[in-house]
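A quick write-up on the structure given underneath.
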Amino acid sequence: MTIEHTGPTRHNTTGSDIRVDEEQQHLDLTYARLDRMRANTNRRLSEALRETEDNPQALSERESYERLYTDDLTKFDAAEHNLYFGRLDLEDGEIRRIGRIGILDDDEADSTLLLDWRAPLSRPFYLATPAAPESVEMRRHIRTRNRMVRAVNDEYLTGEHAVTDMSAHGDVVNESALVSALNAARTGEMTDIVETIQREQDIIIRSTHRGVTVIQGGPGTGKTAVALHRAAYLLYTHRDTLSRSGILIVGPNDDFLDYIGQVLPSLGESGVLLSTVGDLFPGVSAAATDSRETMAVKGDLRMVDVVKRTVRAYQSLPSMPVPVTFDTYEVQITSQLIKDARAKARSSRKAHNQAQRIFVRAGLDGLAQAHARTIGASLLDGSQLLSAGDIADIREEMAQDPDIRRELLRFWPTLTPLDVLRDLYADPAAIRRATPGWSDDDRAALHRVAAPRPEGADFSPADVPLLDEIAELIGFGTEDDEREQRAQWRRQLAEAQEALDILTGSAPQDLEDDLDPEILMAYDLIDAEQLAERQTRRRNLTTAERAVGDRQWAFGHVIVDEAQELSAMAWRMLMRRIPNRWMTIIGDTAQTGDLAGTRSWQAVLEPYVAKRWQLRELTVNYRTPSEITRYANRVLHQINPEHSPPTSLRSNGIEPYAMTAAGSSVPSAVVTALGGDWPGLTAIIAPDNQCAGIAAELDGRTSGGDEIRVLTVSACKGLEFDNVVVVGPAEILRQSPRGHSDLYVALTRATQRLVVVYDEPLPDELKDLPVRND
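Residue 1 is where the sequence shown starts when you use full-length UniProt numbering, and the numbers rise one by one after that.
This is the structure:
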């Protein structure tokens, strides 16, 4: 066993370090308490599951307890690994032990076995330095595995053993444990940094700012880890508020969400909604792809006016009078009648679908007046003119006539976002009408030929903000919520009555196959209304589960990762989901690859929050060895000479090198470049048009027993790998106007080894890479 320490080692009579023995004893106590907590919770969950209650209040309470106990078990299981990792010895003799969750000693009142890392009393573990010890005499880092203490590391902040030389890396604490974690092989899932949070990270994690906090930092500075730990901290500190409204975390792609998916559970939190921009519109699977140019057009704020014009185009006028028959008389729907009805509907300022009732009522008023005039003109005795009450009766009768309603609704139809956008894209003439002043190239970027796809899957991620914009304009999913609830109740009541008919033998047998099994078990209910009430009670859903299907859900906090890639239209959509504007934005404008993305946080945020935002910067690169950053920083200088690169924390002695593809195909050269098996995860990052060929050439090949992944630059955003092969840097530069940002991203994904494969001259920034052809 290796014992790492800064202060003196203390041995017992057997020669072992008494510090390890001491911490093992406390670790045993802590795990024993955790096991008892888990057993008690399992018992309570089993008891709750065995209870059967038909009383609505009792059933609701039971389901709440089920959710509580299940969440607790999830938290206990997630905390099992490295449960206890830190200790503080204060100058007044107090000892505080720090872990993933808080645990009280059930044998001693008011005794704490473990402080939650988010608790205020834990904060000195991350902030205390010899220059500012915060009353801490000694900080101890404890490494455990399989419930055994493997190593301890003591830092004395005061007294004769205090470390006074902080020149190497400023405020970096527990550097040996940190470097060990950074050098560990990647597993394909992000791990938390709760044991090694650094001072500049902790300040951001615990920020009390209630506006927008932007975390700007170069590759490898831990932006994502900081954001996730901030989510866990906010849920701990503001649980009453955020447990109801929830936290939304938006990432760049599904691979990224899979990569970070285990971090929050390991920190004792679950129920946070993780989503991409493409998944934020319920019912839409944004599986289609767009060219870079099309994405840029769709993300431009000009699209706001485009969708407004598109929706208004459905509020049309008849080119000639439309005759309808009512009570044997012919009445005409004229252009003037529709124009008057349209003016009333538009003046209401309601969304399109919500204003439809106003339009129809105004149209019926006009038709009723016209019908009254027709009848009056046909009467020889003018004394028999119709009264206002008579005209009102005519209007109500017309309202029940399906032919009249159908003809009126031709000029103000009910719209859905999906149909509006599909119709626009499929019609070049509609695109031209909606885009005055646009270039033909930009118009062509919107046009597409409809292809057969599953419902909702014919849209790209860039379409989702447009669907959301249309939904706002037409009131989709927002109109008459109370009326819709009443209609839903009527449907449930009808279904319940069918069930009772089946149970009494008075309904066709084939209806039984269509009903909820719970309905068929409700033999003890006496009428349809009681049965319908039972069906409205659903198992308690988490906040995330409720929010995912509700486009209008207002989150308590929103975290956006790789935020520099979001288009202006995507920002509009996100801001609708966070009306309190309490957000954490993570990004690096030097890495912006999307043509619709941002180079300025001020330009993005100030239209929504004015000056109510703050910028926090991370300055230490924990991921990328200095051997690699030497080349990456040259690319950064081309992007923005004023951009200061983060300082690499470590050097690993593995020099990057290049291999030429001369004399062979690029895919074959990539296979050669892989050479022997490299330990850890390996990624091939290639130009968009070469990924498929490289993947086919690899044909399932692995490195060190792990899968080798082939990715475009956009697909590797936010990810990291032990080994990276960058293919065709000159083509990566050429495939986009923001090619230097793409190359910068590709070069900074590796934690250990970087190889560049090229078939045309290397860019100037990489020309002095050593070349190997073995």
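C-beta atoms are modelled at their ideal positions from N, C-alpha and C, and glycine is treated no differently.
These numbers come from a predicted model, not from an experiment.
Which residues DSSP lists as bridging residue i, in chain order
i: Trp412; result: According to DSSP, which records beta bridges pairwise, Trp412 is partnered with nothing at all.
i: Met37; result: Looking at the DSSP assignment, Met37 forms no beta bridge with any residue, so it has no partner.
i: Leu248; result: Leu273 and Val558
i: Phe281; result: Partner(s): none; Phe281 has no beta bridge.
i: Glu155; result: Arg139
i: Glu707; result: Thr702
i: Tyr631; result: In DSSP, Tyr631 forms no bridge with anything.
i: Val756; result: Ala658 and Val726
i: Ile103; result: Leu114
i: Val745; result: According to DSSP, which records beta bridges pairwise, Val745 is partnered with nothing at all.
Own chain, CB closer than 7 angstroms to residue i, minus 5 neighbours either side, in chain order
i: Glu23; result: Ile142, Val149 and Val152
i: Val713; result: Gly593, Ile685, Ile732, Asp742, Val745 and Ala746
i: Val297; result: Asp442, Ala445 and Leu446
i: Gly299; result: Ala462, Ser567, Ala568, Met569, Ala570 and Ala596
i: Leu719; result: Asp255, Phe256, Tyr259 and Arg749
Other residues of its chain near residue i: CB distance less than 6 angstroms, five sequence neighbours each side excluded
i: Ile578; result: Phe555 and Val558
i: Pro770; result: Tyr657
i: Trp601; result: Val214
i: Trp412; result: Gln315, Gln356 and Phe359
i: Glu293; result: Ala445
i: Ala372; result: Leu386 and Ile391
i: Asp759; result: Ala661 and Val666
Residue i in three-state terms, based on DSSP
i: Tyr622; result: coil
i: Glu469; result: helix
i: Leu674; result: helix
i: Gln614; result: strand
i: His557; result: strand
i: Arg650; result: coil
i: Ala683; result: strand
i: Ala522; result: Low per-residue confidence applies at Ala522: pLDDT is 39, beneath 50, and the placement is therefore not dependable enough to give any value.
i: Ala287; result: coil
i: Phe125; result: helix
i: His161; result: coil
i: Pro729; result: helix
i: Phe459; result: coil
i: Tyr31; result: helix
i: Ala750; result: strand
i: Asn640; result: coil
i: Gln216; result: strand
i: Val713; result: coil
i: Ile193; result: coil
i: Pro667; result: helix
i: Arg87; result: strand
i: Thr435; result: coil
i: Asp419; result: helix
i: Phe476; result: coil
i: residue 785; result: The chain is shown from 1 up to 774; residue 785 falls before or after that span and cannot be answered.
Same chain, Cβ closer than 8 angstroms to residue i, five either side skipped, listed in chain order
i: residue 829; result: Residue 829 cannot be examined here, being either before or after the span of the chain that is shown, 1 to 774.
i: Thr289; result: Ser460
i: Gly251; result: Leu257, Ile260, Leu274, Ser275, Thr276, Asp561, Glu562 and Gly718
i: Ala715; result: Asn253 and Asp255
i: Asn353; result: Thr414, Leu415, Ile474, Gly475, Phe476 and Glu479
Burial state of residue i (16 or more Cβ within 10 Å)
i: Pro641; result: exposed
i: Lys717; result: buried
i: Ala32; result: exposed
i: Ala445; result: buried
i: Ile474; result: buried
i: His209; result: exposed
i: Tyr329; result: exposed
i: Phe721; result: buried
i: Thr702; result: exposed
i: Gln735; result: buried
i: Pro763; result: buried
i: Leu404; result: Checking the sequence shown, residue 404 turns out to be Ile, not Leu. Under this definition Ile404 is a buried residue.
i: Thr584; result: buried
i: Leu417; result: With the sequence shown as reference, residue 417 is identified as Pro, and Leu is not the correct amino acid for it. When all chains shown are included, Pro417 counts as buried.
i: Met573; result: buried
i: Thr196; result: buried
Residue i at chain D interface by Cβ criterion, 8 angstroms
i: Gly86; result: Given the protein chain composition of this structure (a single chain), no chain D is represented.
Discussion item. Runs of 4 residues minimum, wholly inside the stretch 328-388: which ones carry the alpha helix (DSSP H) assignment?
Written reply: For the alpha helix (DSSP H) assignment, the uninterrupted runs of no fewer than 4 residues enclosed by the stretch 328-388 are, from N- to C-terminal side, 335-347 and 352-378.
Worksheet entry | Length-filtered (3 minimum) beta strand (DSSP E) runs lying within the stretch 539-609 | Segments of the beta strand (DSSP E) lying fully in the stretch 539-609: 557-560 and 583-587.
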